[in-house]
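Here the sequence shown is numbered in numbering that gives the first Met the number 0, starting from 0 and rising by one per residue.
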Amino acid sequence: MAESSNIIFEDRFTVETVDKDGKKFDRVSRITAPSHNLQMSLTLDLANELYPLDVGEVFTLAIARTLVPDELNTAEDEDEEGNDGQSTRKIKRELWRSENMGLGEDYDYVMYGKIYKFDDSAQGDNQTTAYFSFGGLLMALRGSYRHLAGVVVGENVYLLMRK
0 MAESSNIIFE DRFTVETVDK DGKKFDRVSR ITAPSHNLQM SLTLDLANEL
50 YPLDVGEVFT LAIARTLVPD ELNTAEDEDE EGNDGQSTRK IKRELWRSEN
100 MGLGEDYDYV MYGKIYKFDD SAQGDNQTTA YFSFGGLLMA LRGSYRHLAG
150 VVVGENVYLL MRK
């Protein structure tokens, strides 16, 4: 079976509102944005001092399992280790504090977090919502279940954004 891609989701969004319900925290803004290609809707908390976004701005958002690009995700990046001398197990090398940041180099804003909830309770419209937490900054991504097929509750992911 072929290994799946590191990128779970990727699309371009246009900021529709910023802090629609009022500003709750000094350094955090909640944005809402519809996507361009996949008809998804996004609600995202982000550190507005690090990555400010205004209404009408367009950005690309990607969700990835790891920062290792697909082309580097080969057997060369794996070590074999046997506990009993006969069996082998693969150990993946991560790009933690390395000169090469992998996918992070291509994006302006990167967060690490977890998928904590998947809600497909809406009846009849084939819509589902995936909920993510990035150290308390929350994200809800709503749209067709087909575009969220790679989402697994409990999985750690990277959120990557660029303008």
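The beta carbon of each residue, even a glycine, is placed where N, CA and C say it ideally should be.
Given the structure is predicted, the values throughout are model-derived calculations rather than measurements.
Less than 8 Å between the CB atoms is what I'm expecting for Thr31 and Thr42, so what's the real figure, rounded? Thr31 to Thr42, Cβ: 5 Å. Contact.
Round the Cβ separation of Asp20 and Ser28 to the nearest angstrom and send it over; I've been treating them as touching at under 8 Å. With a beta-carbon spacing of about 11 Å, Asp20 and Ser28 fall beyond the 8 Å limit used to define contacts.
Any idea if Glu75 is buried or exposed, counting beta-carbon neighbours within 10 angstroms, 16 or more meaning buried? Note that Glu75 scores a pLDDT of 48, beneath 50, so its modelled location is shaky and nothing firm can be said.
In this structure, how does DSSP classify Arg141 when only helix, strand and coil are distinguished? If DSSP states are grouped into helix, strand and coil, Arg141 belongs with the strands.
Take Ser4 as the anchor and find which of Lys162, Ala139, Val150 and Met160 has the nearest alpha-carbon. Looking only at Lys162, Ala139, Val150 and Met160, the smallest Cα-Cα distance to Ser4 is reached by Val150.
Hey, out of Ser34, Asn36, Asp44 and Val54, whose CA is closest to Glu15's CA? The shortest C-alpha separation from Glu15 is found at Val54.
Beta-carbon gap between Ala63 and Val152 smaller than 8 Å: For Ala63 and Val152, no; Cβs fall outside 8 Å.
From Val109, Ala148, Leu52 and Lys162, pick the residue whose C-alpha is nearest to that of Asn125; which is it? Residue Ala148 holds the alpha-carbon nearest to the alpha-carbon of Asn125 among Val109, Ala148, Leu52 and Lys162.
Residues in its own chain within less than 8 Å of Gly142 by CB, not counting five upstream and five downstream? Excluding residues within five positions, the ones whose Cβ falls inside 8 Å are Ser34, Leu37, Gln38, Met39, Ser40, Gln126 and Thr127.
May I ask you to report which of helix, strand or coil DSSP gives Leu49? Leu49 falls in the coil class under three-state DSSP.
Verify whether the separation of the beta carbon atoms of Gly101 and Leu158 is less than 8 Å. By the CB criterion at 8 Å, Gly101 and Leu158 fall outside the cutoff.
Whether Ala61 touches Glu104 by CB criterion (8 Å): Cβ atoms of Ala61 and Glu104: not closer than 8 Å.
At the level of alpha carbons, what is the spacing between Thr13 and Gly134? Between Thr13 and Gly134, the C-alpha separation is close to 24 Å.
How about Tyr106 and Arg161: are their beta carbons less than 8 Å apart? A contact, by the Cβ cut-off of 8 Å.
Can you tell me whether Asp25 is buried or exposed, with buried defined as 16 or more other CB within 10 angstroms of its CB? Exposed is the call here.
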